[in-house]
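Under UniProt numbering, think of the first position of the sequence shown as 1, with each following residue one higher.
Okay, structure first, notes after.
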Amino acid sequence: MTDNQNLLAEQRRALILDEVRRRGGVRVNELTRRLGVSDMTVRRDLDALARLGVVEKVHGGAVPVVEASTHEPGFEAKSALELTAKEDIARAAARFAVPGSAIALSGGTTTYALAHHLLEVPDLTVVTNSLRVADVFHAAQHPGGAAPRPGAATVVLTGGVRTPSDALVGPVADRTIRALHFDVLFIGVHGISVEAGLSTPNLAEAETNRRLVDAARRVVVVADHTKWGTVGLSSFAGLSDVDTLVTDAGLPPDARAEAAEHLPTLVVAGERASDGDTGQAGQAGQAAAAADGEG
């Protein structure tokens with residue numbers, strides 16, 4: 001951890017959450033020394049994390065909340081976590097979207113962040129089962145009720161039954177997706193692991209996600225480092241179905257090695273490459289250029 005006193009609250013809380021999960025618990029006095037902030041600041045951070053349901057406060061510190069494999073946090077709770085990581089991932093993943101292509105975005109807070117970076121990619125056809133993603137494109141295309149600008153994306157919303165994460169799932173969504181074909185699917189996940197592949201706590205969402213994966217020529221998973229090793233109730237794809245994982249620099253070295261062993265491309269966003277080396281983050285641009293050349 002760091003002793004930088006100028007960390008933003010979001011960054012500080014992300015560091016605290018990582019420490020809680022890694023060690024199985026932390027004490028307030030340990031955090032004050034490591035972060036170089038007051039007891040009151042640490043206690044406020046723990047209060048905020050407890051309100052989000054990701055830690056449980058105990059006397060003198062906090063422990064992780066052990067979530068059931070069927071627990072699905074709401075969109076607002078998830079959107080407050082790992083903000084910097086999601087922004088880094090979104091910026092890197094956007095390079096895989098080629099102008100004029102047909103893409104799909106699943107529900108989730110990371111795909112929501114990605115949608116903002118896709119607004120300037122011209123002539124996209126965007127299929128999504130996310131109400132939040134659809135709203136991003138609609139608000140950008142119709143400011144004040146104006147007509148869409150030239151080159152604005154065509155957005156297809158699948159329909160279906162709404163989940164806590166504001167995704168539309170179920171038979172209506174499944175039938176719509178079954179009839180479509182995408183160049184690239186950008187999909188967020190509840191969990192990703194070698195054994196369970198991609199998983200979610202929502203059974204209906206798992207089936208809809210299977211349809212999305214089946215309809216895509218290329219599958220790009222956008223998932224921050226906290227998702228690695230997490231397993232939800234239902235798996236909907238194996239790692240063999242994934243072409244690229246875009247994650248953030250918080251992914252530990254052992255997890256990076258494991259991911260690189262089982263995936264064709266691993267992109268670690270938000271990490272500066274060394275001189276003379278494009279690095280893992282640079283693979284995003286290379287892969288996007290290759291996709292553009294396929295036509």
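We treat Cβ as the ideally placed atom computed from N, Cα and C, and that holds for glycine.
Excluding the 5 residues preceding and the 5 following V63 in the sequence, name in chain order all residues of the same chain whose CB lies nearer than 6 Å to its CB.
G25 and E56
Which residue's Cα is closest to the Cα of G151: V136, T125 and A216?
T125
By the 10 Å Cβ neighbour count, where 16 or more other Cβ atoms means buried, how is D47 classified, buried or exposed?
exposed
Of the residues H225, R218, L251 and F236, which one's Cα is nearest the Cα of P264?
R218
Do L168 and D203 come within 9 Å of each other at the CB atom, strictly closer than that value?
One point to set straight first is that residue 203 is Leu, not Asp, in the sequence displayed. No, the Cβ-Cβ distance between L203 and L168 is not below 9 Å.
With 16 as the cutoff for other CB atoms within 10 Å, does V155 come out buried or exposed?
buried
Cβ pair count under 8 Å reaching 3, the segment 107-122 against the segment 192-203:
no
Touch check for the segment 179-195 and the segment 211-225: three-plus C-beta pairs under 8 Å?
yes
Should G60 go down as buried or exposed, given a rule of 16 or more other Cβ atoms within 10 Å for buried?
exposed
According to DSSP, simplified to helix, strand and coil, what is D183?
strand
Just to confirm the assignment, what range does the alpha helix (DSSP H) spanning T41 have?
D39 to R51
Apart from the five residues on each side of it in sequence, which residues of its chain come closer than 7 Å, Cβ to Cβ, to R13?
D45, A48 and L49
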